[in-house]
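Numbering (full-length UniProt numbering), first residue to last: 1 to 306.
Here's the structure we're looking at; comments come further down.
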DNA sequence: ATGGCCGGTGGAACCGGA
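In structure tokens form, the structure reads like this:
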């Protein structure tokens with residue numbers, strides 16, 4: 001009713017009511033006649049390409065991302081079933097290893113300047129980082145990442161976590177990632193770093209935050225390292241657009257975590273300032289967690305203006 | 001209500017995951 005009255009009224013509506021009112025038709029004529037479609041970029045930890053390719057293909061057909069950054073392909077490059085995705089119109093770039101880890105980029109738009117591996121440690125054999133530039137209406141640098149889990153964590157006599165072993169590797173890896181982010185930020189161009197961060201940023205990102213207090217995914221040192229990235233000027237796409245707690249991207253296979261909605265939000269897209277300015281929409285494709293033979297993660301995506 | 005898994009490797013259990 002209010003909307004009906006304001007529709008005919010002068011342009012004196014308040015900010016509070018403006019959101020309820022359809023935009024005046026006139027604005028349609030001020031837009032470009034044929035606006036370019038946004039670029040949809042998703043991250044998805046698939047937990048094994050061999051087991052997941054049917055479900056992955058179903059999701060690609062439905063969600064129609066322009067780019068999918070994949071983690072845990074658990075495959076060497078030669079064994080990745082690239083033809084399945086090329087047949088859907090995707091360029092396929094992989095950085096795999098035997099049995100574990102492994103990342104990949106699928107893109108319907110051309111990819112250029114592909115690099116594999118996170119700089120900063122020539123002795124690191126784990127396949128967790130891949131970069132490429134996707135060329136659409138504009139060029140966007142993409143970093144696909146599978147950040148180390150970091151468990152188990154050992155603690156000293158004072159209860160402080162010891163920065164050794166798997167947890168030390170996680171923190172060292174995050175420092176290397178920050179160094180790479182510093183290089184890319186200096187270019188002042190649109191880019192993003194997306195993947196399985198294995199970081200629960202805040203308590204509101206876990207159904208049972210108390211269960212994660214001494215876990216590498218939520219320890220203060222882990223969260224601080226993630227915040228250091230954000231404080232460089234990145235925008236965490238999902239949280240920037242959706243303030244509701246209790247939204248997750250991972251549900252363990254064990255203990256009925258999915259039917260109980262005992263989830264955590266650990267898959268993130270960090271946008272450079274120039275990319276954040278282009279952000280139009282974000283989402284989590286939660287529904288596919290309930291399908292047959294699902295990954296324990298679900299896709300998280302962002303749309304950037306063309 | 002309670003307890004509960006899955007993928008890869010390799011060909012039986014075990015590792016790794018989160």
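Built from N, CA and C at the ideal position, the CB exists for glycine as well.
Just so we're clear, the structure is a prediction, and the values are computed from it rather than from any experiment.
Along the chain, where does the beta strand (DSSP E) that runs through residue 116 open and close? For residue 116, the enclosing beta strand (DSSP E) begins and ends at 111–116.
Would you check if there are 3 or more beta carbon pairs closer than 8 Å linking the stretch 168–175 to the stretch 105–116? Of all C-beta pairs linking the stretch 168–175 to the stretch 105–116, fewer than three are shorter than 8 Å, placing the two stretches out of contact.
Quick one: what's got a C-beta closer than 6 Å to residue 194's C-beta in the same chain, skipping five residues either side? Closer than 6 Å at Cβ, skipping near neighbours: 43, 69 and 269.
Is it true that the CB of residue 140 sits closer than 8 Å to the CB of residue 191? Yes, the Cβ-Cβ distance between residue 191 and residue 140 is below 8 Å.
Please classify residue 278 as buried or exposed, where buried requires at least 16 neighbouring CB atoms within 10 angstroms. So residue 278 ends up on the buried side.
Exposed or buried, what is residue 253 when buried is set at 16 or more other beta-carbons lying within 10 Å of its beta-carbon? So residue 253 ends up on the exposed side.
Residues sharing a beta bridge with residue 193, DSSP: Residue 193 is bridged to 143 and 270.
Cutoff 6 Å; reference residue 282; Cβ partners in own chain excluding five residues on either side: Cβ neighbours of residue 282 within its own chain (closer than 6 Å, five residues either side excluded): 237, 238, 241 and 302.
Per-residue burial, residue 205 [other beta carbons within 10 Å of its own, 16 or more giving buried]: When all chains shown are included, residue 205 counts as buried.
Measuring only the C-alpha atoms, how far is residue 1 from residue 244? Confidence is the limiting factor: at residue 1 the pLDDT is only 34, short of 50, which leaves the residue's position unreliable and the question unanswerable from this model.
Where does residue 215 fall in DSSP's three states? The answer is coil: DSSP assigns residue 215 none of H, G, I, E or B.
For residue 286, the three-state DSSP class (helix, strand or coil): Looking at residue 286 - three-state DSSP - the assignment turns out to be helix.
Whole-angstrom C-beta distance between residue 267 and residue 45, which should lie under 8 Å: The beta carbons of residue 45 and residue 267 sit about 6 Å from each other, so the pair counts as a contact at 8 Å.
Just reading off the beta strand (DSSP E) that residue 158 is part of, what are its end residues? For residue 158, no beta strand (DSSP E) segment is defined, and its DSSP state is neither H nor E.
Can you tell me whether DSSP reads residue 57 as helix, strand or coil? In this structure, DSSP gives residue 57 a helical state, which the three-state scheme calls helix.
Taking 6 Å as the limit between beta carbons, can you name the residues of its chain near residue 77, skipping five residues before and five after? Cβ within range, chain order: 94 and 96.
What residues are listed by DSSP as bridge partners for residue 263? Note: residue 263 is bridge-paired with 251 in the DSSP secondary-structure output.
Classify residue 147 as buried or exposed, calling it buried when 16 or more other Cβ atoms lie within 10 Å of its own Cβ. By the 16-neighbour rule on beta-carbons within 10 angstroms, residue 147 is buried.
Tell me the rounded alpha-carbon separation between residue 161 and residue 208. The straight-line gap from Cα to Cα measures roughly 21 Å.
CB-CB length for residue 38 against residue 271, believed under 8 Å: In this structure residue 38 does not touch residue 271 by the C-beta definition: roughly 13 Å separates them, more than the 8 Å allowed.
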